[in-house]
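In the working numbering, the protein residues as written are -3 to 275. All C-beta atoms, glycine included, are put in the ideal place defined by N, C-alpha and C. Computed from a predicted structure; not experimentally measured. Working notes, beginning with the structure itself.
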């Protein structure tokens, strides 16, 4: 009988992560764990310290109101002509206390503002919601970088500009010479609009407008959603386009020589222009 010889394979050498890389990974994990613990601790402390309250203030003889709120919603409602501007602030604070100011100028302008300072790791409650009663005829400029803007039953002799960079813009029953609406992160809605010039745009939401009287110039634009316009049944010069959706404007009266003009466009949605009732 012949002898059989079996050769066994030596196990391959195990590759190990270099020591320097292991140290870096451990440091990253430790830093992440410390950050998570600190964030949770700040959240718990903030919950324990959190409280809410409401303030009221009245300002007579205001000719123009400017509202700039970077930490909450803005609601504007109608007040009788000649009455004072009344301001209700709904405040939430915890580890952060919102900074609020109401400054008056000699010319009769009232400037309302609210903001919150940043804290390490974030997460701390800080919010101011304004509800303001505005007399008819008061000039108005509204800007919110921290919430929605809502305007109801406002009439003025000066142009009106309303914008929000983090919420919706919603208006009802507006009568002004010209109207400018802008939303960076939400929808723009307007109903019962009376203005000779209307300019509305949204970077991330719908633009939906219903005009109660025909505008001399109406411009509406959305970068990411639909544009829907309801306009009185009179002739218009119309320019409507969409890069990625349908365009419907056949129900309105069109005349290339009309005095009134509509420009409507969307980069990613439908464009619809129609008279009340859909034509």
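Take residue i as the anchor and find which of the options has the nearest alpha-carbon.
i, options, result
"residue 181", "246, 199, 24", "199"
"residue 261", "202, 248, 155", "202"
"residue 130", "171, 165, 77", "77"
"residue 254", "268, 263, 229, 266", "229"
"residue 187", "241, 178, 194, 208", "208"
"residue 219", "226, 24, 212, 178", "178"
"residue 141", "20, 70, 256, 22", "70"
"residue 126", "17, 85, 107", "85"
"residue 146", "73, 61, 257", "73"
"residue 268", "216, 24, 66", "216"
"residue 240", "266, 227, 105", "266"
"residue 173", "195, 165, 63, 183", "195"
"residue 64", "108, 26, 227, 75", "108"
"residue 121", "263, 90, 227", "90"
"residue 183", "171, 165, 75", "165"
"residue 105", "79, 75, 59", "59"
Given a threshold of 16 other Cβ atoms within 10 Å of its Cβ, counted over all protein chains shown, does residue i qualify as buried or as exposed?
i, result
"residue 101", "exposed"
"residue 30", "exposed"
"residue 191", "buried"
"residue 282", "This structure leaves residue 282 out entirely; the chain is present only between -3 and 275."
"residue 185", "buried"
"residue 93", "exposed"
"residue -3", "Low confidence applies to residue -3: its pLDDT is 49, below 50, so where it sits in the model is not reliable enough to give any reading."
"residue 246", "exposed"
"residue 57", "exposed"
"residue 205", "buried"
"residue 163", "buried"
"residue 53", "exposed"
"residue 225", "buried"
"residue 256", "buried"
"residue 248", "buried"
"residue 189", "buried"
"residue 19", "exposed"
"residue 103", "exposed"
"residue 197", "buried"
"residue 128", "buried"
"residue 17", "exposed"
To the nearest angstrom, how far is the alpha carbon of residue i from that of residue j?
i, j, result
"residue 243", "residue 237", "6 Å"
"residue 88", "residue 233", "49 Å"
"residue 15", "residue 96", "53 Å"
"residue 55", "residue 273", "42 Å"
"residue 231", "residue 175", "21 Å"
"residue 222", "residue 28", "42 Å"
"residue 214", "residue 81", "31 Å"
"residue 211", "residue 259", "12 Å"
"residue 138", "residue 32", "38 Å"
"residue 23", "residue 12", "18 Å"
"residue 250", "residue 99", "48 Å"
"residue 61", "residue 123", "21 Å"
"residue 271", "residue 193", "18 Å"
"residue 67", "residue 143", "7 Å"
"residue 83", "residue 21", "54 Å"
"residue 252", "residue 235", "10 Å"
Starting from residue i and walking both ways along the beta strand (DSSP E), at which residues does that stretch end?
i, result
"residue 126", "122 to 131"
"residue 250", "No beta strand (DSSP E) contains residue 250, which DSSP labels as neither H nor E."
"residue 207", "203 to 207"
"residue 240", "Residue 240 -> no beta strand (DSSP E), and no H or E assigned at all."
"residue 91", "Segment: none, residue 91 is in no beta strand (DSSP E) and carries neither H nor E."
"residue 153", "Here residue 153 belongs to no beta strand (DSSP E), and DSSP marks it neither H nor E."
"residue 163", "Note, residue 163: premise wrong, no beta strand (DSSP E); not H, not E."
"residue 302", "In the structure displayed, the chain extends from -3 to 275; residue 302 sits before or after that span and is not available."
"residue 230", "From DSSP, residue 230 is part of no beta strand (DSSP E); its letter is neither H nor E."
"residue 101", "Counting along the chain, residue 101 falls outside any beta strand (DSSP E), and DSSP gives it neither H nor E."
"residue 107", "105 to 111"
"residue 51", "47 to 55"
"residue 260", "257 to 262"
"residue 135", "135 to 140"
"residue 186", "184 to 190"
Verify the contact flag: residue i, CB atom, against every heavy atom of the ligand GTP, threshold strictly below 7 Å.
i, result
"residue 61", "Summarising the ligand content, the structure contains no ligands, and the ligand GTP is consequently not present."
Check whether the Cβ of residue i lies closer than 8 Å to any Cβ atom in chain D.
i, result
"residue 224", "The displayed structure is made up of one protein chain only, and chain D is not part of it."
Meets three-Cβ-pair contact criterion under 8 Å: the segment 123 to 141 and the segment 151 to 158: yes
Three CB pairs or more closer than 8 Å across the segment 158 to 166 and the segment 105 to 113: no
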